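Participant: The structure is given below, and queries will be raised subsequently.
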Amino acid sequence: TPRVFSGIKPSGGLTLGNYLGAIKRFVDMQGGEFETIYCVMDMHAITVWQDPEDLRHATREVAAGYLAAGIDPDSSILTNQCRVPAHAELAWLFNCVARVGWMNRMTQFKDKAGKNAENVSLGLYAYPSLMAADILVYHATHVPVGEDQKQHVELTRDIANKFNHDYKVDFFPECKPVIEGPAMRVMNLRDGTKKMSKSGESDMERVNMTDDADTIAKKFKKAKTDPEPLPEEMEGLADRPEARNLVNIYAGLANMTGEEVLAVYGGQGWGAFKPALAELAVEKLAPISTEMARLMNDPAEIDRILAKGAEKAKEIADPILDKTFEIMGFVR
Ligand code: TYM
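Heads up: the sequence shown begins at 7 in full-length UniProt numbering, then just goes up one per residue.
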């Protein structure tokens, strides 16, 4: 069976972007033709400073988000990265396969490091090599992610190809990013040209998966828009980033396409659309935030679920790591 791997960093709270771009789609891929492995990427989180108490909390909160949204630990493998040492071990091997020039091309690194590239952690630079290990240590072939992770998954393919070529084997499979649906790049509610992210100055610019119903509704009602009514076709949204974002969010939440949303709301003004969007978002998200809060009352239970998932993950990852060592000539 083809394998799916994906994950989310516990570096702050989960947003609607994480939900539509990742978690909701993880749930959709579960229980079908794939074996699904979903992970809390704690070792990726520390590439930028994390307060230890915050990391502990956020790790459990991402796990709670997965569970509350419908990841079933009996049908998917659900764990956190640090519990499966094979990720870090394979990452070192990949550090010696990947080229510095490849890392230099990563747009996310350039954005995050900015002008300060001399003073970011070495881990932030090597981040994509650990990400490649996350995926390839399970021989996963399908990686559901939002638009911003596409380049990293493509680099994973380059690392697999170079390994296979250098060692004259056909060992690591080709993997591909799965980026499908209307909400693969959810934008900031106050500025439609910026991505919605966990960090960001104002809480009003994002919807958090832990927001309660009133907060969710308020954020959509106050979201930035323009004076025009909605067009009949998606092309009409080309130069209207805030409007396009809200239509895409509606589509993502309702399992519709943007075109289908406009078939209903085209020609109508914000006075009609915004309350409908707020209501839909509350209907879909409020039960998840309630369930997350319930799960967070029992962190020991979350830890048990993650520990059990790690045992299943190791059964797949350890033999693949062993074989990698053998191919490379290690005497163990
Ligand atoms: P992270 O933690 O930044 O985000 C987790 C997932 O959420 C998606 N996402 C979004 N999708 C749409 N709109 C948005 N505004 C938005 N914001 C975030 C991301 O695309 C991602 O799919 N490097 C990864 C974590 C990772 C990983 C992996 C993913 C580590 N190893 C292996 C897949 C496979 C990251 O930082 O995601």
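Where a beta carbon is used, it is the ideal one built from N, C-alpha and C, also for glycine.
Source: prediction; values computed, not measured.
So the candidates are Tyr144, Thr216, Gly315 and Pro281; which of them puts its Cα closest to the Cα of Ala64?
Facilitator: Nearest of Tyr144, Thr216, Gly315 and Pro281 to Ala64, Cα basis: Thr216.
Participant: Mind the definition here: the segment 193-207 touches the segment 155-171 only if three or more C-beta pairs lie below 8 Å; say whether that holds.
Facilitator: The segment 193-207, when compared against the segment 155-171, does not touch it at the 8 Å Cβ threshold.
Participant: For the beta strand (DSSP E) that contains Lys200, what are its first and last residues?
Facilitator: Per DSSP, Lys200 belongs to no beta strand (DSSP E) and is neither H nor E.
Participant: Would you call the segment 210-230 and the segment 186-195 touching, i.e. three or more CB-CB distances under 8 Å?
Facilitator: Flag = yes, the segment 210-230 and the segment 186-195 touch.
Participant: Between which residues of its own chain and Pro183 is the CB-CB distance below 6 Å, once the five residues before and five after are set aside?
Facilitator: Around Pro183: Val149, Val151, Lys156 and Val159.
Participant: Look at the alpha carbon of Ile311 and the alpha carbon of Asp304, and state the distance between them as a whole number of angstroms.
Facilitator: Ile311 and Asp304: Cα-Cα distance of roughly 11 Å.
Participant: In three-state terms, what does DSSP make of Tyr44?
Facilitator: Strand, per DSSP.
Participant: With distance defined between alpha-carbon atoms, name the residue in Ile43, Arg111 and Trp55 nearest to Ser81.
Facilitator: The candidate whose alpha carbon is nearest that of Ser81 is Ile43.
Participant: How many Å lie between Lys314 and Thr221 at the Cα?
Facilitator: So the two alpha carbons sit approximately 35 Å from each other.
Participant: By the 10 Å Cβ neighbour count, where 16 or more other Cβ atoms means buried, how is Lys225 classified, buried or exposed?
Facilitator: Looking at its Cβ environment, which holds 16 or more other Cβ atoms inside 10 Å, Lys225 is buried.
Participant: Quick one: what does DSSP say Leu243 is sitting in, helix, strand or coil?
Facilitator: If DSSP states are grouped into helix, strand and coil, Leu243 belongs with the helices.
Participant: So does His50 have its beta carbon nearer than 7 Å to some heavy atom of the ligand TYM?
Facilitator: Yes, the beta carbon of His50 sits closer than 7 Å to at least one heavy atom of the ligand TYM.
Participant: Measure the CB-CB distance between Pro235 and Gly273 and report whether it falls below 8 Å.
Facilitator: Yes; because the gap between Cβ atoms is below 8 Å, this pair is in contact.
Participant: Compute the minimum distance between the beta carbon of Arg191 and the heavy atoms of the ligand TYM, and state whether it is under 7 Å.
Facilitator: Under cutoff, so the answer is yes.
Participant: With respect to the alpha helix (DSSP H) encompassing His158, which residues constitute its N-terminal and C-terminal limits?
Facilitator: Counting along the chain, the alpha helix (DSSP H) containing His158 begins and ends at Lys156 to Asp172.
Participant: Pair every Cβ in the segment 18-37 with every Cβ in the segment 170-181, then say whether three or more of these pairs are closer than 8 Å.
Facilitator: No, they do not touch.
Participant: Could you tell me which of Lys320, Met334 and Gly335 sits nearest to His93, measuring between CA atoms?
Facilitator: Considering only alpha carbons, the answer is Lys320.
Participant: Which of the three DSSP states is assigned to Thr21 in this structure?
Facilitator: Strand, per DSSP.
Participant: Quick check: is any heavy atom of the ligand TYM less than 7 Å from the C-beta of Asp154?
Facilitator: Checking the Cβ of Asp154 against the ligand TYM gives yes.
Participant: Is it right to say Ala74 is buried, meaning 16 or more other beta carbons lie within 10 angstroms of its own, or is it exposed?
Facilitator: Buried, because 16 or more other Cβ atoms sit within 10 Å of the Cβ of Ala74.
Participant: Runs of 3 residues minimum, wholly inside the segment 29-103: which ones carry the beta strand (DSSP E) assignment?
Facilitator: Entirely contained in the segment 29-103, the beta strand (DSSP E) runs reaching 3 residues are, in chain order, 41-46 and 83-86.
Participant: Any heavy atom of the ligand TYM closer than 7 Å to the beta-carbon of Ser205?
Facilitator: The answer is no for Ser205.
Participant: Hey, would you say the C-beta of residue 6 is under 7 Å away from at least one heavy atom of the ligand TYM?
Facilitator: Only positions 7 to 338 of the chain appear in this structure, which leaves residue 6 out of reach.
Participant: Considering only DSSP beta bridges, list what Val184 is partnered with.
Facilitator: In the DSSP output, where bridge partners are listed per residue, Val184 has Pro150.
Participant: Please report the distance separating the alpha-carbon of Ser135 from that of Tyr271.
Facilitator: If I take the Cα positions, the gap works out to 44 Å.
Participant: Is Ser208 helix, strand or coil when you go by DSSP?
Facilitator: Three-state DSSP puts Ser208 in coil, outside helix and strand.
Participant: Going by DSSP in three states, Asn110 sits in which element: helix, strand or coil?
Facilitator: Correct three-state label for Asn110: helix.
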